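Peer 1:
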Amino acid sequence: MFPWVYGFEWHAGYLIFLGVFFTVALVVAGTVLAALWRSFRTVRKKQEGRVYWHAAFEELTPEERRCRHAITGELPERCCDQEFDCRGCRMHARLQFQEGGARPAEAEVCGVAVPLDRYYHRGHAWVREADDGTLEVGLDDLGRRLLGEDGRVELPAPGTEVRVNEPAFVLRRNGVEARVLSPVDGTVLGPAENGALIRVRPAEGFRTVHLLRDGEAVAWMRHEVDRLQLALAAASGAATLADGGAVPQDLGRALPRREFDTVCGLAFLDV
Amino acid sequence: MVERLDEAWIARGVRRAPFDRFLLWAAPWAALLALGAYAIFLCLRDGLFHTNMDNRYVFGLWIFLDLAVIALGAGAFFTGFLLYVLKKTELKAVINSAVVIGLVCYSGAVLILAVDVGQPLRAWFTFYHPNVHSMLTEVTFCITCYLTVLLIEYVPILLKNRRLKWKPSMLVFEYNLHKVMVVFALTGTLLSFFHQGSLGGLFGVLRGRPFAFREGLLIWPSTFFLFVLSAMAVGPSFVALTTWLAEKAARRRLVKDEVYQTLGRISGKLLLAYVFFKCLDTMLWINQTAPERGFPAHRFYEYGGAFGTWILFTEIALLGLIPALLLLKPEWRARRGLLITGAAMACLGVTLNRFVFTIQTLALPTMPFDRLLLYWPSWQEFAAFGFVVAYGMLVYSFSYRYLTLFPQERELAMTEARR
């Protein structure tokens, strides 16, 4: 039974002691192997993006996980428990944001433009429906100010499948890297124009209910600017983001590297 | 430029000292580590004559250190048990730190045991020639197993490093390991329970040492259960104490107040239970066990000095009952200074308990012709001790700098900024 134990005898002492020991050793080894096997399967099925967001969402603070309906004031206080995917959220289904009055074409929050002809993702990407049924995906104005003129975006190759809340492209600037989450499910068709980054053919049955629009997007942007101010104050000891109440055009130049890094992480939810 | 050398490895949104200042902090510990490594080398090369241990004093500073750090390191298994099994979710804020402390304590203990045994290359003999009737065999098996469990528990913390988690495979493995952490928490609890107990049992079964010998239940002397209970009691206290020290060193809040309160409350309750059972055990020992073995208990304390009755009083009342009350009473526990004082006293109490069982047991004479033996460690023993301390400080410092030991740190920094 235990051939590798010198002098093993069929006594209760040996059996209990070695039995317990080898059971524990087997359980530990088996659990590690099971974790390795599951990891291997996840990588093989190319589901790393889903795991990434699941892990990243857990690391967000309650303030960062704030429900969109709490941001707009529809609910007093609520944290999202759906990983920012409102498509399966019962609360969201009950609380579709209602807005009265005429809808302007564009709004502004501390100098950050919020065009209202598109949908916004909470990771600062936007989506616009093109006339041909495809979707254009780009960075919002705050994202653009982080990217600046000398920043680079690593775009996914045409044919790549992108999924909501999974990393779609990588922003690089000043030695800082940040993953930008995809706002849509679909297949990348290639680079886009008109301020967008990529053009995507939406997946069958793709819905936009998880995305923000109109007044809700404006309220969210206000919340975002406020959040970034706080993060900067926490990182540097002083509030430095706003200059005369407006967000600088090029945040990469306006901020020291560490603060820029912090803002990138918070804005793109890549903490 | 040097101060920014490692910025890419530091988590986003948290503040860390510049790299050059961190190096300055690490340098003295590295020097102590080097000195300790030299002493260990001498002991391994030439033998244990470099120490002041002998055939009478077979357990010295090193075994005392082992027992103390293993008791203090119990915070790792117990915090894991509270979080993953009893679902005390607020302890998520300190579980990573507790794991690192546990890892440092256990790996340090195993390292020093390897030097003490003197033939580390033959360490595997204990697995191939196990004496299943020996408490020491059980300790060896459980400590090595639990150290493996702690290393596995450390892996997800390590893989959450900012650079490492950019590699998708690492992130996925970390995620999957994290999902099965409850299994490691349970096995860790089982292993820890038995080896903490067996460490106590080691002394309780010393029939030739009436000072340590105790009656018990079945094959386990009472010291088996008291060691388990005391380790469980001070584990949360040590986690609270180290968290507070880390906060002081970093000059920022790392966990919310409720975490301290939970740790203090649990520690206080268990400590009070421990003090109660320790009193019972001591009374039984004074009135029954010791006299039956031909030694009225007062004889153990008639040498005065370092081993007088004061040590018993200090261990049970001063460093047992008082910290238990400090940690139990909500009004006192709510004051951070009192909570940390209570936690520190509890840690000192269990350290003193291990000192008594290791050093005092061996110092007291058992034969009519024996005399009280006093022992003072050699510089090599102190240096090896220093090696473990320096190693612990460095591992913890590097872990704090590059890994997320306190997940609430970022949120608390934002809260502070809001004020």
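Chains as they are written, first to last, in this note's numbering: chain A, 426 to 696; chain B, 32 to 450.
Where a beta carbon is used, it is the ideal one built from N, C-alpha and C, also for glycine.
All of these numbers come straight from a predicted model, not from anything done at the bench.
Measure the C-alpha to C-alpha separation of B/Val-130 and B/Glu-169 and round it to an integer number of angstroms.
Peer 2: One C-alpha to the other measures close to 22 Å.
Peer 1: Under a Cβ-count criterion, where at least 16 other Cβ atoms within 10 Å of its own Cβ denotes burial, should B/Ile-183 be classed as buried or exposed?
Peer 2: Answer is buried; the Cβ neighbour count reaches 16.
Peer 1: Check whether chain B comes within 7 Å of A/Arg-491, counting only Cβ atoms and requiring the distance to be less than that.
Peer 2: No, because no Cβ of chain B sits closer than 7 Å to the Cβ of A/Arg-491.
Peer 1: Using 10 angstroms around the beta-carbon of B/Gln-227, count the other beta-carbons present and answer buried if the total reaches 16, otherwise exposed.
Peer 2: Flag for B/Gln-227 reads buried.
Peer 1: Chain B beta carbons: is any one of them nearer than 7 Å to that of A/Gly-690?
Peer 2: So, interface residue.
Peer 1: On a CA-only basis, which of B/Gly-335, B/Ala-140, B/Arg-46 and B/Lys-196 is nearest A/Val-476? Give me that one, please.
Peer 2: Closest option to A/Val-476, Cα to Cα, is B/Lys-196.
Peer 1: Please state whether DSSP places A/Thr-612 in a helix, a strand or coil.
Peer 2: Note: A/Thr-612 maps to strand in three-state DSSP.
Peer 1: At least one CB of chain B closer than 7 Å to the CB of A/Phe-442: is that the case?
Peer 2: At least one chain B Cβ lies under 7 Å of A/Phe-442.
Peer 1: Would you decide whether A/Asn-590 is buried or exposed? Buried here means 16 or more other CB atoms lie within 10 Å of its CB.
Peer 2: The residue in question, A/Asn-590, is buried, as its Cβ has 16 or more Cβ neighbours within 10 Å.
Peer 1: Residues of chain A with a CB under 7 Å from the CB of B/Met-445: which are they?
Peer 2: Result: Thr-486, Glu-488, Leu-655, Ala-656 and Ala-659.
Peer 1: What's the C-alpha gap between B/Ala-107 and B/Phe-215?
Peer 2: Whole-angstrom Cα-Cα distance: 11 Å.
Peer 1: Leaving out the 5 sequence neighbours to the left and right, which residues in its chain are closer than 6 Å to B/Met-424 when beta-carbon positions are compared?
Peer 2: Hits under 6 Å: Trp-60.
Peer 1: Relative to chain B, which residues along the stretch 448-459 of chain A have a C-beta separation below 8 Å, given in chain order?
Peer 2: Residues passing the 8 Å Cβ filter: Val-449, Ala-450, Val-452, Val-453, Thr-456, Val-457 and Ala-459.
Peer 1: Kindly identify the DSSP beta-bridge partner or partners of A/Trp-551.
Peer 2: Answer is A/Tyr-545 and A/Gly-563.
Peer 1: Answer with yes or no whether the minimum CB distance from B/Leu-189 to chain A is below 7 Å.
Peer 2: No, its Cβ sits nowhere closer than 7 Å to a Cβ of chain A.
Peer 1: In the DSSP assignment, what residue or residues form a beta bridge with A/Ile-623?
Peer 2: A/Ile-623 pairs with A/Val-562 and A/Pro-616.
Peer 1: Expressed to the nearest angstrom, what Euclidean distance is found between the alpha-carbon atoms of B/Phe-242 and B/Gly-351?
Peer 2: Spanning the two alpha carbons is a distance of roughly 20 Å.
Peer 1: Please confirm whether B/Gly-228 has its beta-carbon closer than 7 Å to some beta-carbon of chain A.
Peer 2: No, because no Cβ of chain A sits closer than 7 Å to the Cβ of B/Gly-228.
Peer 1: DSSP has B/Val-265 in a bridge; who is on the other side?
Peer 2: Its beta-bridge partners do not exist; DSSP assigns none.
Peer 1: Going by CA-CA distance only, name the one from B/Phe-204, B/Leu-178 and B/Tyr-177 that's closest to B/Leu-189.
Peer 2: That would be B/Phe-204, whose Cα lies nearest to the Cα of B/Leu-189.
Peer 1: When DSSP labels each residue in this structure, what does B/Met-445 get in the three-state scheme?
Peer 2: B/Met-445 falls in the helix class under three-state DSSP.
Peer 1: Kindly say whether A/Ala-480, judged by its beta-carbon, lies nearer than 7 Å to any beta-carbon of chain B.
Peer 2: Yes, A/Ala-480 counts as interfacial toward chain B.
Peer 1: Measuring straight from C-alpha to C-alpha, what distance separates B/Asp-77 and B/Gln-150?
Peer 2: Computed Cα separation, rounded: 11 Å.
Peer 1: Please check the pair B/Ile-143 and B/Leu-98, which I expect to be a contact at CB under 8 Å, by giving their CB distance rounded to whole angstroms.
Peer 2: The Cβ separation is near 11 Å, so there is no contact.
Peer 1: Are any of the Cβ atoms in chain A nearer than 7 Å to that of B/Arg-43?
Peer 2: It does; some Cβ of chain A falls within 7 Å.
Peer 1: Under 7 Å, do A/Val-688 and A/Leu-653 count as touching if we go by C-beta distance?
Peer 2: Yes.
Peer 1: Pull up the distance between the alpha-carbon of A/Ala-481 and that of A/Leu-680, whole angstroms please.
Peer 2: Taking the straight line joining both Cα atoms gives about 25 Å.
Peer 1: How close, in whole Å, do the beta carbons of B/Ala-375 and B/Leu-272 come, if the pair is a contact with beta carbons under 8 Å?
Peer 2: So it is a contact: roughly 6 Å between Cβ atoms.
Peer 1: Does the beta carbon of B/Glu-442 come closer than 7 Å to any beta carbon on chain A?
Peer 2: With 7 Å as the cut-off, B/Glu-442 counts as an interface residue toward chain A.
Peer 1: Nearest to B/Phe-444 by CA position, among B/Asp-37, B/Arg-43 and B/Glu-38, is which residue?
Peer 2: Position check: residue 444 of chain B holds Ala in this sequence, whereas Phe was assumed. Here the closest residue by C-alpha is B/Arg-43.
Peer 1: Which of the three DSSP states, helix, strand or coil, is assigned to A/Glu-579?
Peer 2: Looking at A/Glu-579 - three-state DSSP - the assignment turns out to be strand.
Peer 1: Scan the stretch 197-211 of chain B for residues whose Cβ lies nearer than 7 Å to a Cβ of chain A and list them as they occur along the chain.
Peer 2: Answer in chain order: Pro-199, Ser-200, Leu-202, Val-203, Phe-204, Tyr-206, Asn-207, Leu-208 and Val-211.
Peer 1: For B/Leu-63 and B/Ala-421, which I take to be in contact (beta-carbon distance under 8 Å), what is that distance rounded to the nearest angstrom?
Peer 2: At roughly 4 Å, the Cβ-Cβ gap stays under 8 Å, so B/Leu-63 and B/Ala-421 are in contact.
Peer 1: If A/Ala-532 sits next to A/Asp-542, beta carbons under 8 Å apart, how far is it from one beta carbon to the other, in whole angstroms?
Peer 2: 11 Å between Cβ atoms; not a contact.
Peer 1: Return helix, strand or coil for A/Arg-597, following the three-state DSSP convention.
Peer 2: Three-state result, A/Arg-597: strand.
Peer 1: Would B/Phe-109 pass as an interface residue toward chain E - the criterion being a Cβ-Cβ separation below 7 Å?
Peer 2: No chain E appears in the structure shown, which is made up of the protein chains A and B.
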